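Visitor: Take 2 as the starting number for the sequence shown in the working numbering and just add one per residue.
By construction, the Cβ of each residue, glycine as well, lies at the ideal position given by its N, Cα and C atoms.
Please read all numbers here as calculations on a predicted model, not as lab measurements.
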Amino acid sequence: MGSLTVSPRKLSPRHCARVTIQGGSFGNKRFTGDFDQPLSHNVAFRLNGLYENDGSFRNFVSLERYGVNPTLTFTPGTRTKITVSYEYFHDGRVADRGIPSYQGRPADTPISTYFGNPDDSHVRADVHLVGASIEQQWDQLIFHSRTQFGDYDRAYQNYVPGAVTADKTHVAISAYNNATKTPQRLQSNRFDLQLSDRPRSAYTCGRV
């Protein structure tokens, strides 16, 4: 399934909005939005979102994923910044395990051929993340602390093409599935010593 790394987006002190639209081969469609809105002189809101729907050169293979990430930042003073955020991300697709090999080379079959049952080959991930951070500055010393709670719900089921018979008329296919639901807590603390206009040294400690 791979890994997912999430970093909260920084807020802009002024209103801005950006939308991107992408299209491509095999029905590729991707939309993203980024909206910043100051609510007062010391409170700002930011919203990021995306949607993607895609096909493939392989028959029956498709992908759909979407996510949303609202963030709220509060600055009670010139040296203190508090940020809270939430993120939801969904990824769903038809699993594609490729084509079989024959005598050390790809089997003589069209590259678009799907081996297995596409109606029963699913990969899914649903992620919920809630985070809060605080940044406090004392003269040249800056303290950063972030806490994040995550809920990862992942599952996959797919078919894997195997050995091809000598007469090239049959191929062995195996199948398997797996599902995991993993809660996670991440705590990170860091001190920066600002010796000039930019931080030059830092100490970080954290616990997963």
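Once DSSP output is grouped into helix, strand and coil, what is the label at F90?
Guide: Here F90 sits in strand by DSSP.
Visitor: Where do the ends of the beta strand (DSSP E) carrying G68 lie?
Guide: That run of the beta strand (DSSP E) goes 64-78.
Visitor: For the beta strand (DSSP E) containing K30, list its first residue and its last residue.
Guide: Unbroken beta strand (DSSP E) run through K30: 29-39.
Visitor: Quick check on the burial criterion: 16 or more other C-beta atoms within 10 angstroms. Buried or exposed for S113?
Guide: Under this definition S113 is an exposed residue.
Visitor: Drop a sphere of 10 angstroms on the beta-carbon of I22, count the other beta-carbons inside from all chains shown, and report buried for 16 or more, exposed for fewer.
Guide: The residue in question, I22, is exposed, as its Cβ has fewer than 16 Cβ neighbours within 10 Å.
Visitor: Would Q149 and R186 qualify as a contact pair, given that the criterion is a beta-carbon distance under 9 Å?
Guide: The answer is yes: Cβ separation under 9 Å.
Visitor: Could you tell me the distance, in whole angstroms, from the CA atom of L142 to the CA atom of V20?
Guide: Cα to Cα, L142 sits roughly 37 Å from V20.
Visitor: What residues are listed by DSSP as bridge partners for S134?
Guide: Per DSSP, T84, R147.
Visitor: Mind checking whether V165 and S122 have CB atoms under 9 Å apart?
Guide: No.
Visitor: For Y177, is the classification buried or exposed, using 16 other Cβ atoms within 10 angstroms of its Cβ as the cut-off for buried?
Guide: Under this definition Y177 is an exposed residue.
Visitor: For P184 and V128, what's the separation of their Cα atoms in angstroms?
Guide: Distance between the alpha carbons of P184 and V128 is about 10 Å.
Visitor: Please report how far the alpha carbon of P39 lies from the alpha carbon of A156, in whole angstroms.
Guide: For P39 and A156, the distance between alpha carbons rounds to 39 Å.
Visitor: Heavy atom of the ligand MG less than 8 Å from the Cβ of T170, yes or no?
Guide: Annotation note on the ligand MG: not contained in the displayed structure, which lists no ligands.
Visitor: In three-state terms, what does DSSP make of S175?
Guide: Correct three-state label for S175: strand.
Visitor: Does the stretch 37-56 come into contact with the stretch 73-89, if we say contact requires no fewer than three beta-carbon pairs (one atom in each stretch) closer than 8 Å?
Guide: Short answer: they touch.
Visitor: With DSSP collapsed to three states, give me the class of P101.
Guide: The answer is coil: DSSP assigns P101 none of H, G, I, E or B.
Visitor: Which residues in the same chain have their Cβ closer than 6 Å to the Cβ of A18, if we skip the five residues on either side of it in sequence?
Guide: F36, listed in sequence order.
Visitor: Can you have a look at N49 and say buried or exposed, based on whether 16 or more other CB atoms are within 10 angstroms of its CB?
Guide: Classification of N49: buried, given that the 10 Å Cβ count is 16 or more.
Visitor: Excluding five sequence neighbours on each side, which residues of the same chain lie with their C-beta closer than 8 Å to the C-beta of I174?
Guide: Answer for I174: F116, G117, Y160, V161, P162, G163, listed in chain order.
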